[in-house]
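Taking it in order: structure first as structure tokens, then the write-up.
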């Protein structure tokens, strides 16, 4: 007796095109996040990993705590830095944040 009521879309016609248009802002936000946040972080992580792999005896480096020293011993997980005179401190390899140019440190 009574027919089924159907809602009409705002722009008329089928709803197929409108579903895509409603997802477009979300896709745009994801693309912006990817290029502004995710991609640069992946690049920094790759550079940090390459720097740790290239670490060798005699390099001068800075740790995450700000300690500056010369690499005197390397292990798979640890690096030992000479920080002054005969003082040597062992750190985890991932604590090394930056390599310094050769000759940055005065004679330790």
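Numbering (my numbering), first residue to last: 2 to 109.
Think of the CB as a built atom: it goes at the ideal place given N, C-alpha and C, for glycine as much as any other residue.
Quantities reported herein were computed from a predicted structural model and do not represent experimental measurements.
Cα-Cα separation between residue i and residue j, rounded to whole angstroms
| i | j | result |
| --- | --- | --- |
| residue 48 | residue 23 | 38 Å |
| residue 94 | residue 39 | 24 Å |
| residue 77 | residue 59 | 16 Å |
| residue 63 | residue 21 | 50 Å |
| residue 99 | residue 74 | 17 Å |
| residue 52 | residue 96 | 12 Å |
CB of residue i within 9 Å of CB of residue j, strictly
| i | j | result |
| --- | --- | --- |
| residue 72 | residue 81 | yes |
| residue 1 | residue 79 | Since the first residue shown for the chain is 2 and the last is 109, residue 1 is missing from the structure and cannot be characterised. |
| residue 102 | residue 61 | yes |
Delimiting residues of the alpha helix (DSSP H) encompassing residue i
| i | result |
| --- | --- |
| residue 51 | 40-54 |
Proximity test, residue i beta-carbon vs the ligand GDP heavy atom, cut-off 8 Å
| i | result |
| --- | --- |
| residue 72 | Annotation note on the ligand GDP: not contained in the displayed structure, which lists no ligands. |
Opening and closing residue of the beta strand (DSSP E) in which residue i lies
| i | result |
| --- | --- |
| residue 90 | 88-93 |
| residue 5 | No beta strand (DSSP E) holds residue 5; DSSP gives it neither H nor E. |
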